[in-house]
Amino acid sequence: MITLGIDIGSLTAKGVLLKDNSILEKHLIQVGYNSKKAGDKLLAELLEKASIDRTEIARIVATGYGRNSIDFADKAVSEIICHGKGIHFLLPDTRTIVDIGGQDSKVIILNAKGTVVNFVMNDKCAAGTGRFLDVMARAMETEIQYFGELSLQSKNPAEISSVCTVFAESEIVSLVAKGENREDITSGIHLSIGRRIYSMVRRVGMVEPVAMSGGVALNIGVIDALEKLLKTEIKTSPLAQYGGALGAALLAVNE
Amino acid sequence: MKIENNLALFNKIASEPYDYIKTLKEKTNKKIIGSTCTYTPEEIVLAAGAHPFRISGQSQNLSAADAHIQAYGCSMVRCMLEDGLSGDLNFLDGVVFPHSCDSIQRLSDIWRLNIPSLHFDILLPVKLDSQLSQNYFAKVIRRFKSDIEEALNTNISDKDISEAIHLMNQIRTAIGQLYTLRATNPSIIKGADMAAIVKASMVMDKKELLDELNTLITLLSETEKKNDTRKRILISGSICSHPDIYQIIENKDAVVVWDDLCSGSRYFEGLISETENPYIAISERFTNRFVCPAKHISADFQLDNMKKLIADHRIEAVLFIFVKFCEPFSFDYPDIKNELEKMDMPYLMVEMDQHNRIDEQLHTRIDTLLEIMQF
Amino acid sequence: MAERLKATKEMKRIMRRYYAQAKYAHYIGKKVAWITSGGPVEPLIAMNIIPVYPENHGAMLGASKKGGQLSEFAEGLGYSPDVCSYVKDDIASTITKESPIKGGLPKPDMLICSNNICGTVLKWYEIQARNFNVPLFIYDTPFVHTEFTEEAKEYIKEQTKEYILFLEKVMGHKFNYKKMDKVGRYSLQSMKLWKEILDTAAHKPSPMTAFDAFFHLALIVTLRGKKVVLRYYKTLLKELQERNTKNSGAVDNEKYRLLWDNLPIWFRMRWLSDKFANHQAALVADTYTQAWCGVIDYIDENDFLGTMGEAYTRIHLNVGVDKMADTIKDFIRKFDVDGLVMHSNRSCKPYSFGQYDIQNLIKDMDIPVLMIEADMTDDRKFSESQVEARIDAFMEVIKEKKRTK
């Protein structure tokens, strides 16, 4: 049986085709203005990529911010449930998922069976999301892909606000003006977002092992900061970005 | 068909309360007295021949209020102020400010200094656990009675008060009946409609309200009892009358069967004794009914109350809906949630930035709780 | 910069001793009460109960820059990021024992809560009542929007009696009215002394700043009613009067005089003090410390117990915004200030809501007003560069105004 999971975020839309419990094909596009149109486009491109016909798909589950606008989906499920399912598939044994995306962050707790039992979200505030790192990287005149590496070179991280992106940015401008060490400031930035996430983890209670997903999982500086704060190893998967879509496809099997 | 019409009326009034009031004022020439909290003794306002109504804070965009209350004030207080400053409440003859929380307390001063109308501060006690505080409560109500008599240049007789009490008791009983009908047969009425009924109850002419409520009860009593296997939800918080929340819940195979809300059960619960001294009787109702977190009966009251509600209504999940920046409710939350965890009771706490707007983030969180319960 | 006040050393010694006594209270057979900063402490002193102030402790946590950290801990337990940081810090400190006092505050045997400062303390003390499982007494002071009603007066008077009964029950012995009479007199005397101390700042240049007042405030708050407070304040007053005689100001070349409104920003006192001093500006008075000598006229020294209810009900934070504006106008005139600095304190709604209207109400005083958005203990809610920019701009406005006067 082939099922399809679609994750319509605010920036990107991801799709995963699942056949007999393994990933047949995956695809990612930019969402742009219209979630519905993005969903249609994603479907069309994914079918072509996989060389299959629409009628071969047994069931479709949509998730993400735009899930309710996908009219060809059989069901809409929240991204937390789907993410939980998807990451559990990629990294079995995972009990805590830390997902830091471009615009939001979440901590999801799974039970031993891999089902979501608790969660906490930060989806209203730039601090604690990828947006925070984008703004800081710009302020430090560093490209985002090297930002994490730079932070690892510090021996003495600076103290940077974790509650407000605007505060943090003005703190950085001050530190740079004072001639503070670039690595230390950068490390401070990574610890700041780490602390914000740590705060969320504490609200739901961490259970090991911990896995990270979302775009920010590619930042080794954040992983390092989180490992220090949570005092545990953090695993990740190269397919982590597709966790939501994968989980949706898996849920479609049981529909 | 009849039920539809009846519900349509309630929904219309709930979504456009100020239009209704304006029409009522034109028709009856009654004095319109706004209130900012369910601790307002509406009976006294009615006895004075005036019309009481709850200011809903319907302003969506704040501009005028920003010049008076900082951004860290809750949206209820800021939106009510915006309603007042924007001119939307030009029909108001007076406003009542019962003492409730710190923000309402300061809102009273700010309102008095900036919006011309009759102004009544009802200095209710915060402590409700002693005979002394109850006596004081009664005296405060008595003073309110003299104040409103003077302000409206009228006389309130004992008969006026007892009639008002009787009418309000009937209304409370009726709303209570609807709640009970829903708790035993949830499919009988949608959550959004129930919320609209309570909201409209705080706006409508009371006699008209009682007629419509009784009509609805009769019609609904004829409805068959359906077997309802949806998850039974309790909503706890202050204000939650936005219809979309109920829709979101009902879309996920769950239903709100009771609440612990100022915009819900706290409005109608408890009857006023019709044989005792009216001021004592009114104060007794407030001290006997479930108190809101801004008042004190005991340190364990809210916890015990929660457990009782869960048991009485066979609750399967608790949804805390708080308005951001609200101290009384959010300080009670952690100890209550710890108890719920011990009971293995699913729960979720969501904070609304604006009490009169539902955003996607809220939607996702509620969806997730209900999906967790399904899987 | 003028030298530190000599009396400071003695003050620190007194506070250390006070906290040590509180810590070992149970060893010396005494009971401990936690009480709110505006609470009626005198009857506790009369009953030989040691009063402890979680708010004073909160100030210490803020000053030692632990405020944000502790609030974060409390938020991990489910407390909202937007509610009062004093409460969160106290809850966190109770659990983690993190505190400049080793082991944190001593456990209370009873909790005394007066809501004259705010309604949040009610929730705070309910939480601690559950936590410690000890008796809680609430001294419910009705708000005075425009008038202090007869029934409110009676209510608070009766509650004073209830309070005495409560203490008798918890302590298991009768209330000592004789001692109470003495304690009441000491309390009133210390309030009058405190007023004299703050009044020395009317002198130009001022011998002290609000930052000195914030520091020396601790005694009148925590040990009001005890003789040690009188002794110390007499010493402090003498030193300040000497400075005035010598025209020795706290700020070098004092040129501008400012009034502070709201609680201090406990974790940035030094920084703020220096910042203003560098502009030759002295914060000569503030509404916060003034609150502990603002209700003297309502107390009858021959009947402290009978009149304290009204006094506690009429404090600055428990009256209408327009009344607060009048008080501020009085201070502006009395201390001849050139500007008003208002701390918009995220943790304190009763003190912060109404500040914009107060600004309007004092327009005829024709002085510039600065708003500093921060928090009294939570250092996460403070942006140094933004505050600095505002202070600099404000001082420019003041300087220009004085130049053209």
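Residue numbers (this note's numbering), protein chains in the order written: chain A, 377 to 631; chain B, 44 to 418; chain C, 3 to 407. For glycine and all other residues, C-beta sits at the position ideal for the given N, C-alpha and C.
Handout entry: Run of the alpha helix (DSSP H) containing P371 (chain B), from where it starts to where it stops
Key = Element bounds for P371 (chain B): E370 to K385.
Problem - Spatial distance of R328 (chain B) from F180 (chain B) (CA atoms) - result: Going by C-alpha positions, R328 (chain B) is about 11 Å away from F180 (chain B).
Exercise for the section: Please check the pair T379 (chain A) and I433 (chain A), which I expect to be a contact at CB under 8 Å, by giving their CB distance rounded to whole angstroms. Expected result: With a Cβ gap of about 7 Å, T379 (chain A) and I433 (chain A) count as contacting.
Exercise for the section: Compare the beta carbon distance of S1 (chain C) and V253 (chain C) with 9 Å and say whether it is the shorter of the two. Expected result: Because chain C in this structure spans residues 3 to 407, residue 1 (chain C) falls outside the shown range and cannot be described.
Problem - Test item: CB-CB of A220 (chain C) and T211 (chain C) under 9 Å - result: A220 (chain C) is not a Cβ neighbour of T211 (chain C), given a cutoff of 9 Å.
Exercise for the section: Work out the CA separation of R226 (chain C) and F306 (chain C) for me, nearest whole Å. Expected result: Distance from the CA atom of F306 (chain C) to the CA atom of R226 (chain C), rounded to whole angstroms, is 13 Å.
Practice task
Answer yes or no: does any C-beta atom of chain B fall closer than 9 Å to that of R348 (chain C)?
Solution key: Under the Cβ distance rule, R348 (chain C) counts among the residues neighbouring chain B, one pair being separated by less than 9 Å.
Practice task
Tell me whether the beta-carbon of V496 (chain A) lies closer than 9 Å to the beta-carbon of V483 (chain A).
Solution key: With contacts defined by Cβ atoms closer than 9 Å, V496 (chain A) and V483 (chain A) form a contacting pair.
Handout entry: Chain-ordered chain A contacts of S387 (chain C) [CB-CB under 8 Å]
Key = Those within 8 Å of S387 (chain C) in chain A are S546, E547, V549 and S550.
Practice task
Could you check if R6 (chain C) is buried or exposed, using at least 16 other CB atoms within 10 Å of its CB as the buried criterion?
Solution key: Flag for R6 (chain C) reads exposed.
Handout entry: For R558 (chain A) and I37 (chain C), the rounded distance between their alpha carbons
Key = In a straight line, the C-alpha of I37 (chain C) is about 48 Å away from that of R558 (chain A).
Exercise for the section: Express the C-alpha separation of D560 (chain A) and V474 (chain A) in angstroms, rounding to a whole number. Expected result: Roughly 25 Å between the two C-alpha positions.
Problem - Any 3 or more C-beta pairs closer than 8 Å across the segment 588-595 of chain A and the segment 395-409 of chain A - result: The answer is no - the segment 395-409 of chain A does not touch the segment 588-595 of chain A, with fewer than three Cβ pairs under 8 Å.
Exercise for the section: Ignore the nearest five residues each way along the sequence and tell me which others in P95 (chain B)'s own chain have a CB closer than 7 Å to its CB. Expected result: Excluding residues within five positions, the ones whose Cβ falls inside 7 Å are I76, S78, T83, E85, V88 and L89.
Handout entry: With 16 other Cβ atoms within 10 Å as the buried cut-off, status of V492 (chain A)
Key = So V492 (chain A) counts as buried.
Exercise for the section: Return the CA-CA distance between G78 (chain C) and A238 (chain B), expressed in angstroms with no decimal places. Expected result: Spanning the two alpha carbons is a distance of roughly 33 Å.
Practice task
Write down the C-beta distance between D600 (chain A) and L526 (chain A) rounded to the nearest angstrom, noting that I regard them as a contact closer than 8 Å.
Solution key: Contact flag wrong, Cβ pair sits at about 12 Å.
Practice task
Output yes if chain B places a C-beta closer than 9 Å to the C-beta of K125 (chain C); else output no.
Solution key: Yes - at least one Cβ of chain B is within 9 Å of the one on K125 (chain C).
Practice task
With a cut-off of 8 Å on the beta carbons, I'd call L424 (chain B) and A93 (chain B) a contact; round off their distance for me.
Solution key: Nothing in the structure corresponds to residue 424 (chain B), since chain B is present only between 44 and 418.
Practice task
Please classify G105 (chain C): is it buried, with 16 or more other beta-carbons within 10 angstroms of its beta-carbon, or exposed?
Solution key: Counting the other Cβ atoms within 10 Å of the Cβ of G105 (chain C) gives fewer than 16, which makes it exposed.
Problem - Length-filtered (3 minimum) beta strand (DSSP E) runs lying within the segment 118-200 of chain B - result: The segment 118-200 of chain B contains these whole beta strand (DSSP E) runs: 137-141 and 161-165.
Exercise for the section: With DSSP as the reference, label F329 (chain B) as helix, strand or coil. Expected result: In the three-state reduction of the DSSP assignment, F329 (chain B) falls in the helix class, which pools H, G and I.
Exercise for the section: Mind checking who G341 (chain C) pairs with in its DSSP beta bridge? Expected result: Its beta-bridge partners are C:L260.
Handout entry: the segment 111-122 of chain C in contact with the segment 142-150 of chain B per 3-pair CB rule at 8 Å
Key = Yes: the two stretches touch, three or more of their Cβ pairs being nearer than 8 Å.
Handout entry: Any chain B beta carbon closer than 9 Å to A24 (chain C)
Key = Contact of A24 (chain C) with chain B is not assigned, every C-beta pair being separated by 9 Å or more.
Practice task
Please confirm if the segment 606-623 of chain A is in contact with the segment 541-556 of chain A, defined as three or more CB-CB distances below 8 Å between the two stretches.
Solution key: In short, these stretches do not touch, since the Cβ pair count stays below three.
Problem - Status (buried if at least 16 other CB within 10 Å, exposed otherwise) for M3 (chain C) - result: Its pLDDT being 49, under 50, M3 (chain C) is placed unreliably by the model, and nothing is read from it.
Handout entry: Secondary structure of A502 (chain A), DSSP reduced to three states
Key = DSSP places A502 (chain A) in coil when its eight states are reduced to three.
Problem - Partner residues on chain A for E156 (chain C), Cβ-Cβ distance less than 9 Å - result: Correct list: empty, because the minimum Cβ distance to chain A is about 46 Å.
Exercise for the section: Compare the C-beta of M3 (chain C) against all C-beta atoms of chain B and say whether one is closer than 9 Å. Expected result: Because the pLDDT of M3 (chain C) is 49, which lies under 50, any placement of that residue in the model is unreliable, and the number read from its coordinates should be weighed accordingly. Taking 9 Å as the threshold, the shortest C-beta distance from M3 (chain C) to chain B does not fall below it.
Practice task
Taking I98 (chain B) as the reference, give the member of B:S118, B:A110, B:H111 and B:I112 with the closest Cα.
Solution key: Measuring from the Cα of I98 (chain B), the nearest candidate turns out to be B:S118.
Practice task
Answer with yes or no whether the minimum CB distance from L274 (chain C) to chain A is below 9 Å.
Solution key: Not closer than 9 Å to any Cβ of chain A, the Cβ of L274 (chain C) fails to qualify, so no.
Exercise for the section: Grab the span of the alpha helix (DSSP H) containing D383 (chain A) for me, first residue to last. Expected result: Unbroken run through D383 (chain A) is the beta strand (DSSP E), I378 to I384; no alpha helix (DSSP H).
Practice task
Taking only beta-carbon positions, decide if M497 (chain A) is within less than 9 Å of chain B.
Solution key: Using a Cβ-Cβ cut-off of 9 Å, M497 (chain A) counts as an interface residue toward chain B, since at least one Cβ of chain B sits closer than that to its own.
Problem - For S589 (chain A): DSSP bridge partner residues - result: Beta bridge pairing from DSSP links S589 (chain A) with A:D475.
Handout entry: 9 Å Cβ cutoff, F75 (chain C) in contact with chain A
Key = For F75 (chain C), the answer is yes, since a Cβ of chain A falls inside 9 Å of its Cβ.
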